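These notes concern the structure reproduced below.
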């Protein structure tokens with residue numbers, strides 16, 4: 081089998097990798113090849129719907145990306161010619177500053193709006209910009225565009241080696257080797273470790289996302305988010321909700337890689353004990369599914385595009401809990417930065 085050659089190699093066929101591919105193809109930036117360890121990217125998401133959480137006003141660095149993210153989602157039919165069923169249903173945001181917020185809701189108002197809420201201990205605020213989208217439809221639309229626009233997808237291929245040279249990058253996968261003008265590492269939590277192995281300094285951090293499918297029904301807000309507790313609850317189907325809890329990653333294995341992500345049952349038990357009176361039935365709800373995965377977390381420096389010394393290997397920014405809203409904008413940003421030539425050079429001004 082002859083070596084694979086392309087202008088742009090993208091590693092990881094999740095939403096970010098697929099969006100990077102689409103932005104490159106729409107700009108006629110050259111040939112694009114996308115690889116992934118899975119045979120089909122649509123197999124990546126276990127549940128169909130995912131929350132699109134609006135960043136808090138205090139996270140100003142995220143707000144412009146959020147504005148652009150909403151713009152891309154709402155113009156999705158013209159951007160990708162497919163509709164991922166974005167529903168701007170709004171979210172009840174529970175945090176310590178809720179009572180003082182202009183759009184704050186009192187306890188009485190919360191219980192009037194949603195009858196399934198119980199002995200709520202504090203007010204909240206309703207953010208009408210947040211919503212829910214069908215994650216599988218997002219991936220399907222992006223893959224459809226990739227193939228329509230002339231991009232190539234190679235499934236079942238795991239990246240094994242990268243070597244940056246002056247005019248590009250030599251790469252080896254589990255199926256073949258090749259050469260690319262640039263490589264974009266979009267394969268989630270694995271990307272920062274590979275960049276570290278390549279000698280690139282960065283500030284990207286990893287967190288564990290525990291996802292629970294619970295048998296719980298009732299007149300609840302369509303989306304509840306606890307920023308300080310790093311928790312999100314939203315309905316996926318009749319009689320079922322998804323509860324997402326963020327925890328710290330596990331200890332590194334010898335060699336610097338993470339072990340398999342583990343579900344934090346203690347974190348779930350603590351959360352259910354704390355909120356069972358406010359959300360009656362939460363503690364008794366049947367756990368229909370539990371899973372855990374790593375992802376890059378959300379903080380100010382995580383939005384930086386990280387690149388190798390010669391700017392041939394790039395890692396897009398990440399947005400943690402806001403990733404599903406911000407990924408089109410962050411993908412667009414890395415493509416624009418690449419095509420304008422603002423890449424290359426190690427980060428030498430790291431703090432902490």
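Numbering (the working numbering), first residue to last: 81 to 432. Ideal Cβ placement from N, Cα and C applies to all residues, glycine included. Fair warning: this is a prediction, and the values are worked out from it, not measured in the lab.
Range covered by the alpha helix (DSSP H) that runs through residue i
i           : result
residue 159 : 156-160
residue 100 : 95-106
residue 91  : Not the alpha helix (DSSP H): residue 91 falls in the beta strand (DSSP E), residues 84-91.
residue 215 : 215-228
residue 351 : 345-355
residue 271 : 270-277
residue 409 : 403-419
Residues near residue i in its chain [Cβ-Cβ closer than 8 Å; skip 5 each side]
i           : result
residue 261 : 86, 87, 88, 110, 247, 248, 249, 392
residue 330 : 288, 338, 339, 341, 342
residue 461 : This structure does not reach residue 461, given that the chain is present from 81 up to 432, and the question cannot be answered.
Beta carbon proximity, residue i to chain C, threshold 7 Å
i           : result
residue 387 : You won't find chain C in this structure, because it holds only one protein chain.
Neighbourhood of residue i by C-beta distance below 7 Å, restricted to the same chain and skipping five residues each side
i           : result
residue 240 : 252, 253, 254
residue 238 : 117, 253, 254
residue 271 : 265, 395
residue 321 : 294, 296, 313, 314, 315
residue 181 : Here residue 181 scores only 44 on pLDDT, less than 50, and its place in the model should not be relied on; the value that follows carries that caveat. 205, listed in sequence order.
residue 108 : none
residue 356 : 362, 363
Own chain, CB closer than 6 Å to residue i, minus 5 neighbours either side, in chain order
i           : result
residue 93  : 114, 116, 121
residue 171 : 207, 210, 303, 305
residue 236 : 119
residue 225 : 102, 160
residue 84  : 256, 258
residue 398 : 376, 382
Continuous beta strand (DSSP E) stretch holding residue i: start and end
i           : result
residue 289 : 286-295
residue 114 : 112-115
residue 394 : 393-395
residue 131 : 129-132
residue 304 : 303-306
residue 376 : 366-376
residue 340 : No beta strand (DSSP E) contains residue 340, which DSSP labels as neither H nor E.
In DSSP terms, what residue i is bridged to
i           : result
residue 207 : 171
residue 260 : 86, 249
residue 184 : 205
residue 243 : 250
residue 359 : Paired residues: none, contrary to the question.
residue 321 : 294, 315
Any non-hydrogen atom of the ligand SAH closer than 6 Å to residue i Cβ
i           : result
residue 270 : Among the components modelled here there is no ligand, and therefore nothing to report on the ligand SAH.
Original post:
Pairing CB atoms from the stretch 406-419 with CB atoms from the stretch 96-104, are three or more of them under 8 Å?
Top reply: yes
**OP:** Say whether the stretch 341-350 touches the stretch 207-216, bearing in mind that this needs 3 or more beta-carbon pairs closer than 8 Å, one atom from each stretch.
**Re:** no
Original post:
Counting Cβ pairs, one atom from each stretch, are 3 or more of them under 8 Å apart for the stretch 313-327 and the stretch 283-301?
Top reply: yes
Original post:
If we count Cβ pairs, one from each stretch, closer than 8 Å, do we get three or more for the stretch 265-279 versus the stretch 147-163?
Top reply: no
Original post:
Is it true that the stretch 387-405 meets the stretch 130-141, where meeting means three or more beta-carbon pairs spaced less than 8 Å apart?
Top reply: yes
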